[in-house]
Amino acid sequence: MIKLKGLIAFCLLVLFSSTAGADVIIDNQSIPSAEIDAISISPTTGNIFVTTFDGYTVTPVVVGNGVSISSFTVSQGSVVAGGSVTLSWSTANAISCAATGGIDGWDGSTVTIPTGTRSVNAATEGVYTFVLTCNGSEIGDTVTSQVVLTVTQPGGVAITSFAASPATIFEGDSTLLSWNTENAVSCTPSGGAGGWSVLSIGLPTATTTITISTADTYTFTLTCQDSSGGQAVATTSVVVDVEPDACPTPPLSGTTTTWASFWLQQFPDPRYDNRYATINRTGYLAIEFNTGSVVANGKLFTVETTVTDGVRLGAISECPGDFDVAPECDYVWGIGGGLPWATDGYVGACQLQPNTTYYFNVTYTDGVSGATTSCSSSPCITTIQHVRR
Numbered sequence: 001m002i003k004l005k006g007l008i009a010f011c012l013l014v015l016f017s018s019t020a021g022a023d024v025i026i027d028n029q030s031i032p033s034a035e036i037d038a039i040s041i042s043p044t045t046g047n048i049f050v051t052t053f054d055g056y057t058v059t060p061v062v063v064g065n066g067v068s069i070s071s072f073t074v075s076q077g078s079v080v081a082g083g084s085v086t087l088s089w090s091t092a093n094a095i096s097c098a099a100t101g102g103i104d105g106w107d108g109s110t111v112t113i114p115t116g117t118r119s120v121n122a123a124t125e126g127v128y129t130f131v132l133t134c135n136g137s138e139i140g141d142t143v144t145s146q147v148v149l150t151v152t153q154p155g156g157v158a159i160t161s162f163a164a165s166p167a168t169i170f171e172g173d174s175t176l177l178s179w180n181t182e183n184a185v186s187c188t189p190s191g192g193a194g195g196w197s198v199l200s201i202g203l204p205t206a207t208t209t210i211t212i213s214t215a216d217t218y219t220f221t222l223t224c225q226d227s228s229g230g231q232a233v234a235t236t237s238v239v240v241d242v243e244p245d246a247c248p249t250p251p252l253s254g255t256t257t258t259w260a261s262f263w264l265q266q267f268p269d270p271r272y273d274n275r276y277a278t279i280n281r282t283g284y285l286a287i288e289f290n291t292g293s294v295v296a297n298g299k300l301f302t303v304e305t306t307v308t309d310g311v312r313l314g315a316i317s318e319c320p321g322d323f324d325v326a327p328e329c330d331y332v333w334g335i336g337g338g339l340p341w342a343t344d345g346y347v348g349a350c351q352l353q354p355n356t357t358y359y360f361n362v363t364y365t366d367g368v369s370g371a372t373t374s375c376s377s378s379p380c381i382t383t384i385q386h387v388r389r
């Protein structure tokens, strides 16, 4: 049955009545009158109803501009669960549109025409198809468009690095804490010292400087969460040592020079050399050097000269003028012998630590009192010799 309206229906009825046996033209289609079972008109609306016999089909032809969906898009094709997307559409000649499929917030929602947008939350992992169906003013004038959204589970939260540099400091010094995170929405600091536990943590990566005044070992903790409630924890430790005492004032007066100034070479060179040294008869001479990353061993000597005789005391220590050292780190010269040193663990030598400043001290006294000097001349001159193995 086909329903026609108003004046069109009236004219068709008159035409059908006046041309019995002739074809009826509906939407530019010729319908043989023999196929028409009945024609009636509504007295209230003026609509006319044409009923055909079984087996005859009339396909409506749309006259004028048909409905169309010129665009239907999603702001991003993939989103992590917990995120949101925006659907946008634009239509033409639509009298109504319906939203189906997709996820909550889209299915069954009101679709504004001719254009509109809607934001929806993607809470659950999956692949979702959003469908937009619009109808025109003619029967059967319908168009459909769809977009697909993939919702993925977020990757687990991770703290990829959390470190302190340097990890060992002295009281009152500072260390730099740095961290890198992935998929974290918030992070909380705890433990540690220097105001760490009340800091606001920058994401996904940041640094902060912490100053610690009291000697101890401190553990800094960083706890991070992701959008789904996952959690990651990382720790790093900082050792705070007591600031070492400055070298005390030695009992003897003395002179300090550097290894490079005395030998004209950097430690541990020279491989073999001799140089004259002038020493106050009641004092000391100190030659300063730093072991750095040197791995080697050698020996220091003082050789009596024809100008000055007397017993010499030598010592390797961390302070100038300090002769109060372990037995393997001092030596008393009469005529021969030497004071061995080592950074490579050579047995029997004075063991030196890497990256540490030392002094080779030489005196004609007992290292405590100038009155004990064995040098009768002034100044006192000796030859200092170095051999590197």
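Residue numbering for the sequence shown follows the numbering used here, beginning at 1 and increasing consecutively.
Even glycine gets a Cβ: it sits at the ideal position worked out from N, Cα and C.
Bridge partner(s) assigned by DSSP for residue i
i, result
"residue 161", "180"
"residue 189", "222"
"residue 116", "89"
"residue 210", "175"
"residue 259", "Bridge partners of residue 259: none, in fact."
"residue 285", "255, 362"
"residue 333", "312"
Best match in the options for proximity to residue i [C-alpha to C-alpha]
i, options, result
"residue 104", "84, 386, 251, 72", "84"
"residue 214", "193, 233, 198, 305", "193"
"residue 203", "196, 225, 283, 320", "225"
"residue 374", "340, 354, 308", "308"
"residue 98", "160, 143, 121, 78", "143"
"residue 81", "379, 91, 366, 227", "227"
"residue 257", "367, 333, 287, 269", "287"
"residue 159", "181, 171, 167", "181"
"residue 467", "94, 146, 221, 235", "Past the edges of the chain, shown from 1 to 389, lies residue 467, and the structure says nothing about it."
"residue 281", "377, 113, 171, 114", "377"
"residue 201", "219, 314, 177, 217", "177"
"residue 102", "117, 137, 261, 149", "149"
"residue 363", "229, 323, 39", "323"
"residue 361", "315, 337, 327, 334", "315"
"residue 253", "367, 179, 386", "367"
"residue 234", "305, 293, 275, 157", "157"
Helix, strand or coil at residue i according to DSSP, with G and I counted as helix
i, result
"residue 130", "strand"
"residue 379", "coil"
"residue 144", "strand"
"residue 267", "coil"
"residue 34", "helix"
"residue 340", "strand"
"residue 247", "coil"
"residue 301", "strand"
"residue 370", "helix"
"residue 319", "coil"
"residue 50", "strand"
"residue 70", "strand"
"residue 198", "helix"
"residue 385", "strand"
Backbone CA spacing between residue i and residue j [nearest angstrom]
i, j, result
"residue 164", "residue 189", "14 Å"
"residue 330", "residue 205", "52 Å"
"residue 259", "residue 267", "7 Å"
"residue 297", "residue 211", "39 Å"
"residue 119", "residue 141", "28 Å"
"residue 239", "residue 332", "40 Å"
"residue 384", "residue 167", "40 Å"
"residue 348", "residue 197", "49 Å"
"residue 53", "residue 74", "47 Å"
"residue 161", "residue 171", "26 Å"
"residue 353", "residue 343", "6 Å"
"residue 106", "residue 79", "16 Å"
"residue 242", "residue 86", "60 Å"
"residue 389", "residue 199", "54 Å"
"residue 126", "residue 132", "20 Å"
"residue 153", "residue 51", "57 Å"
"residue 34", "residue 139", "25 Å"
"residue 289", "residue 310", "26 Å"
"residue 124", "residue 186", "21 Å"
"residue 321", "residue 231", "58 Å"
"residue 67", "residue 36", "30 Å"
"residue 31", "residue 40", "16 Å"
Distance between beta carbons of residue j and residue i, contact taken as under 8 Å
i, j, result
"residue 339", "residue 299", "7 Å"
"residue 319", "residue 284", "The Cβ separation is near 11 Å, so there is no contact."
"residue 96", "residue 135", "5 Å"
"residue 350", "residue 279", "The pair is not a contact, with the Cβ atoms about 20 Å apart (cut-off 8 Å)."
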